[in-house]
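Structure first, commentary second.
Given below as structure tokens:
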């Protein structure tokens, strides 16, 4: 049991490290890493994976934003201009998610990853 | 321009709520294309915008019973060194090689997700199971 727990903690650490790097490098929350890995490695259901990911993102994005702030790159006014309407969006998104089949979340997520990957690959 | 920015913000938030992400995949291009920020500024500003989105999203998912708080906080805390390293790297290095590497990783993860969803077949709806007649 203790071995299982330790293995699980290492898995969470691996997910966290990758998500943190991804977040810092690309200015995202890291959910594109966290959600699929919680599903694939730890057997989370889609909704649980997305909910748990958001909690991790609070810490990751706050730390990364503060570090970027140290470099003088954060533009607070523009951040609020997109961030405040996004709070309305996340209320709508979480509401909608409870009303669609979990597997559609997986497939929609896969589609998102492909779009983001193509965006990275294009010059 | 302001209206477009607000619209981009709302869409990023909706995507964040549906998919459990921060919304940065839309914030960053939105801040560059609509508000004219430089790429690294857009990334930094996106991170700031993500914080309230993730707080409200996590709170809603907690209310819906979909949040494993201990696991989420553990991932977040263990991610701190990586997040700081990522910011330092992006301020020091050209991004191209990293972008291509991550793109390939994302395509691999996407293929794993689709395989998982297809292999598991139609999942029984637990709410319908009670009324199902015996075979």
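Chains as they are written, first to last, in my numbering: chain A, 36 to 158; chain B, 256 to 390. Glycine is no exception: its CB is placed at the ideal position from the N, C-alpha and C atoms.
Note that the C-beta distance between residue 84 of chain A and residue 94 of chain A is not below 8 Å. Nearest CB-CB separation between residue 50 of chain A and chain B: below the 8 Å threshold. Residue contact with chain B for residue 39 of chain A: absent (no Cβ-Cβ distance below 8 Å to any residue of chain B). Taking a beta-carbon distance threshold of 8 Å, residue 347 of chain B does not count as an interface residue toward chain A. The stretch 320-328 of chain B makes no contact with the stretch 276-296 of chain B, as fewer than three CB pairs between them are under 8 Å.
With fewer than 16 other beta carbons inside 10 angstroms of its own, residue 363 of chain B counts as exposed. In the structure shown, residue 293 of chain B falls within a coil segment according to DSSP collapsed to helix, strand and coil. Only those residues of the stretch 96-117 of chain A whose C-beta falls short of 8 Å from the nearest C-beta of chain B are listed: 96, 97, 98, 99, 100, 102, 103, 104, 106, 108, 109, 110, 111, 113, 114, 115, 116 and 117.
Proximity of chain A to residue 288 of chain B at the Cβ level (cut-off 8 Å) is not reached, the minimal Cβ distance being about 12 Å.
Distance from residue 361 of chain B to residue 148 of chain A at the Cβ level is roughly 5 Å; contact confirmed, criterion being Cβ atoms closer than 8 Å.
Taking a cut-off of 8 Å for Cβ pairs, the stretch 55-69 of chain A and the stretch 110-121 of chain A do not touch, as fewer than three such pairs fall below it.
Under the three-state reduction of DSSP output, residue 269 of chain B falls in the helix class. The C-beta of residue 369 of chain B comes closer than 8 Å to at least one C-beta of chain A. Its chain contains 277, 278, 308 and 312 as the residues whose beta carbon lies nearer than 7 Å to that of residue 271 of chain B, once the 5 sequence neighbours on both sides are disregarded; these appear in chain order. In this structure, residue 53 of chain A and residue 337 of chain B form a Cβ contact; the two beta carbons are roughly 7 Å apart against a cut-off of 8 Å. Contact residues of the stretch 61-82 of chain A toward chain B are 61, 62, 63, 64, 65, 66, 67, 68, 69, 70, 71, 72, 73, 74, 75, 77, 79, 80, 81 and 82 (C-beta to C-beta distance below 9 Å). Between residue 280 of chain B and residue 63 of chain A, the C-beta gap is smaller than 8 Å, which places the two residues in contact.
Residue 58 of chain A and residue 130 of chain A have their alpha carbons spaced roughly 25 Å apart.
Not flagged as an interface residue toward chain B: residue 134 of chain A, since no C-beta distance is shorter than 8 Å. For the 8 Å CB-CB criterion, residue 260 of chain B and residue 117 of chain A form a contact.
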